[in-house]
Amino acid sequence: MPPDIKKPLEWGTGMYWDTTVGRKHDYWKEFDLPKATKDIKQMRRDIKEWGFCLIEDAMSKEQCDRFLNRLLDQAEGERLAGVDQPTPSGQYINTLINKGEVFAQCIEQNTEAVQAGPVIEQIMDETLGKGWICHSFLSNGSDPDGYPQGLHIDQGPLLPWVTEEAPALFNTMYIPQDINEKNGGTLVIPGSHRILIEAGSGGKVGKLPPAINLEAKAGTVMLFDGRMLHGTGVNRTDKQRFVATMSNVKAWTRTQENWVISVAPDVLEKASPKLLHRIGLQALTYGATIEGFGLGAPGRVGDQWGNIKQFRTAYDKGEYERVRELSGKSSKKELKKK
């Protein structure tokens, strides 16, 4: 159960947040848990067995520094402006696409921002199928002396249905700082996705293995299954700790971020066809159509019959006209509206 945020955290009583990293944990230290690797075959094995993998040096030092510095500056700026989003665990930074080119590049898995981009995309294609889109991209902070998140699965809205063959949601977590048991390293229960699968939709889940803190070096990217139990850990240092999570879903899924409204006009104007597709501005027959536009579209990157950017641009200019009630008695003025 999540802690009562009106009371001090309990320690020494076996609560889920009172833990350590896998190699130090009495229960987990004998298991061959995922380690940072550049071997895509090992990544696949780790995802299947444990629900996550760690990509070694997914960001170069320069890429990592650029990412982290922009995050830290943004966090400070939002606090000063009074628009920050504090949570019991720490500060969140939402809608990263508007807050620095580096973040838009990460949504595309552009190698200018994340050198392991092609590997990430390959695993995403294998897991969700080609044509997947970004559900949301935000930064999860763990503030000093904050509270842990309750352990949860990111495809929780589907419960009690548990997808068995594959996850309905798959995450890319960018790790721009070293994380461990001291600074609120993400809590995970390795292999918990398989426990939920075995329990089945609406099935009873028995006693779970203990949670551990994720341990990873700056520049690592963690890919993890939307069915794996996880949550923000407790930061027992005197400095904020940030990671950034990009959740991904199939193109027909309703996204957490309402991209059509939230993306800034200047970001939209220079967005590549790939980025437009990734943020759901590429309609297809069963998703994101506007007044019939997009019906029959295949949803491919750059397809002109599904590009809904033009509708958002017209809306921003105050030029978007919706088709309203018409009849044979409509005036010429009403009939000529376009």
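Just so you know, numbering that gives the first Met the number 0 puts 218 at position 219 of the sequence shown, and the rest follows in order with no gaps. C-beta: ideal position from N, C-alpha, C; glycine also.
Taking just the CA atoms, how far does residue j sit from residue i?
i, j, result
"Q90", "L207", "29 Å"
"A263", "D72", "19 Å"
"R253", "Q108", "21 Å"
"R235", "A313", "49 Å"
"V248", "G279", "10 Å"
"R193", "T36", "22 Å"
"A270", "T12", "51 Å"
"A80", "I96", "19 Å"
"L32", "G190", "10 Å"
"Y319", "D265", "18 Å"
"E290", "V82", "35 Å"
"K308", "Q281", "8 Å"
"M123", "D3", "37 Å"
"K28", "S246", "29 Å"
"S59", "E256", "28 Å"
"T162", "D224", "11 Å"
"K331", "R321", "16 Å"
"D327", "L334", "Residue 327 is actually Gly in this sequence, not Asp. Spanning the two alpha carbons is a distance of roughly 10 Å."
Using a threshold of 9 Å, state whether the C-beta atoms of residue i and residue j are closer than that.
i, j, result
"A231", "L186", "Checking the sequence shown, residue 231 turns out to be Thr, not Ala. Result yes, Cβ atoms of T231 and L186 sit closer than 9 Å."
"V118", "F66", "no"
"G286", "W251", "yes"
"D153", "H229", "yes"
"G140", "R240", "yes"
"V233", "R311", "no"
"P166", "L127", "yes"
"R226", "G99", "no"
"K238", "N182", "yes"
Using alpha carbons as the reference points, say which of the options lies closest to residue i.
i, options, result
"E125", "K23, H276, L267, I39", "I39"
"E115", "K5, S141, Y173, R78", "Correcting the residue identity first, residue 115 is Ala in this sequence and not Glu. Of the candidates K5, S141, Y173, R78, the one whose C-alpha sits nearest the C-alpha of A115 is Y173."
"Q357", "G99, E61, V82, T171", "As shown, the chain starts at 0 and ends at 337. That puts residue 357 outside it, with no answer to give."
"C52", "M221, E290, A287, G317", "M221"
"F30", "T18, K37, T36, E48", "E48"
"Q148", "A296, P1, L325, Q309", "P1"
"K5", "A80, G145, R78", "G145"
"W16", "I211, H134, N68", "I211"
"H134", "E320, S261, G295, K316", "S261"
"I106", "T86, T288, I132, L127", "I132"
"E111", "D64, T94, P85", "D64"
"N68", "Q84, V242, M42, W160", "V242"
"I92", "Q104, G81, A103, E77", "E77"
"L70", "V322, K34, T244", "T244"
"P159", "L8, L334, I196", "I196"
"I188", "K60, I46, M58", "I46"
"E339", "K336, S246, V113", "No statement about residue 339 is possible, as the shown extent of the chain runs from 0 to 337 and does not include it."
"T86", "S138, E61, T284, Q62", "S138"
Taking only beta-carbon atoms, is residue i less than 9 Å away from chain B?
i, result
"E9", "In summary, chain B is missing from the structure at hand, where a single protein chain is found."
Mind checking who residue i pairs with in its DSSP beta bridge?
i, result
"L137", "T244"
"I178", "A215"
"I196", "Beta-bridge pairing links I196 to no other residue."
"I54", "T36, V220"
"W172", "In the sequence as presented, Trp is not what sits at residue 172; that position holds Met. M221, T244."
"G230", "L186"
"F102", "None, per the DSSP bridge assignment."
"V20", "N212"
"L283", "G286, P297"
"V132", "It is Ile, not Val, that sits at residue 132 in the sequence shown. Paired residues: V248."
"H151", "H229"
"I92", "S138"
Is the segment 215-227 touching the segment 175-182 in the sense that three or more CB pairs, one from each, lie closer than 8 Å? Taking one beta carbon from each stretch, the segment 175-182 and the segment 215-227 have 3 or more pairs nearer than 8 Å; the two touch.
Does the segment 263-282 come close enough to the segment 299-318 to have 3 or more Cβ pairs within less than 8 Å? Segments in contact, yes.
Between the segment 194-204 and the segment 8-23, do three or more beta carbon pairs fall short of 8 Å? As far as the Cβ criterion goes, the segment 194-204 does not touch the segment 8-23, which means the pair count is below three.
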